[in-house]
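Residues 453 to 596 in my numbering are what the sequence shown spells out, letter by letter.
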Amino acid sequence: MMVKPDGVQRGLIGEIIKRFEQKGLKIAGLKMLRITPELASKHYGEHRGKPFFEGLVKYITSSPVVAMVLEGEDCISLVRGMMGATDPKKAAPGTIRETFGIDIGRNVIHGSDSPESAAREISLFFDEEELCNYELSLAAWVYE
Ligand code: DAT
Ligand code: MG
Numbered sequence: 453m454m455v456k457p458d459g460v461q462r463g464l465i466g467e468i469i470k471r472f473e474q475k476g477l478k479i480a481g482l483k484m485l486r487i488t489p490e491l492a493s494k495h496y497g498e499h500r501g502k503p504f505f506e507g508l509v510k511y512i513t514s515s516p517v518v519a520m521v522l523e524g525e526d527c528i529s530l531v532r533g534m535m536g537a538t539d540p541k542k543a544a545p546g547t548i549r550e551t552f553g554i555d556i557g558r559n560v561i562h563g564s565d566s567p568e569s570a571a572r573e574i575s576l577f578f579d580e581e582e583l584c585n586y587e588l589s590l591a592a593w594v595y596e
């Protein structure tokens with residue numbers, strides 16, 4: 453998951469992280485970084501050639517982002533659901549994109565969409581030793 457440049461600039465880092473913490477997900481990695489054009493083209497490689505690609509790279513490299521690795525049961529679909537649809541105008545009420553966004557090109561948050569993309573994106577953003585392997589003591593209160 454990543455808080456995009458607009459989320460950082462708008463002071464939404466804490467608000468967004470809070471939602472995932474309160475859901476009961478485990479944070480296994482967390483960092484702030486400025487995405488380079490090279491990293492942006494790798495991260496958004498699937499969108500190369502699309503009309504919005506250039507603007508997307510410009511936006512994602514325009515200011516720091518906060519990247520995190522979350523863990524939990526059905527984590528990917530859970531997080532995607534909490535994020536809401538790509539276009540904030542179509543996102544379900546209460547989702548992060550619906551609550552905080554208006555424009556598809558400023559949708560505040562990124563989340564991996566499959567186990568394969570999560571593995572790929574985690575390896576783009578984190579070194580192995582930057583990920584923390586630990587027991588979350590609240591797990592017994594989140595999962596039956
Ligand atoms: P998501 O971020 O929900 O996984 P995506 O992978 O299809 O969506 O696209 C990546 C980002 O590119 C998205 O968060 C915003 C931007 N984007 C996608 N479709 C767009 C469009 N039609 N016009 C402008 N930006 C778009
Ligand atoms: Mg995507």
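Even for Gly, the Cβ is constructed at its ideal location relative to N, Cα and C.
* **Nearest-angstrom Cβ-Cβ length linking K470 and H562, presumed shorter than 8 Å** => Cβ atoms of K470 and H562 stay farther apart than 8 Å, at about 17 Å.
How would you label M520, buried or exposed, when you count the other beta carbons within 10 angstroms and need 16 or more for buried?
Flag for M520 reads buried.
| query | Whose CA, out of I548, D579, G557 and L482, lies closest to the CA of V420? | reply | Any question about residue 420 goes unanswered here, given that the chain covers just 453 to 596.
Q) If you count every other CB in all the chains shown that lies within 10 Å of the CB of A544, and 16 or more means buried, which is it? A) That one is exposed.
C-beta contact flag for F578 and G481 at 7 Å
Yes, these two residues count as a Cβ contact at 7 Å.
| said: Measuring only from the beta carbon, is L508 closer than 6 Å to any heavy atom that is part of ligand 1? | reply: Checking the 6 Å criterion, the Cβ of L508 is within range of a heavy atom belonging to ligand 1.
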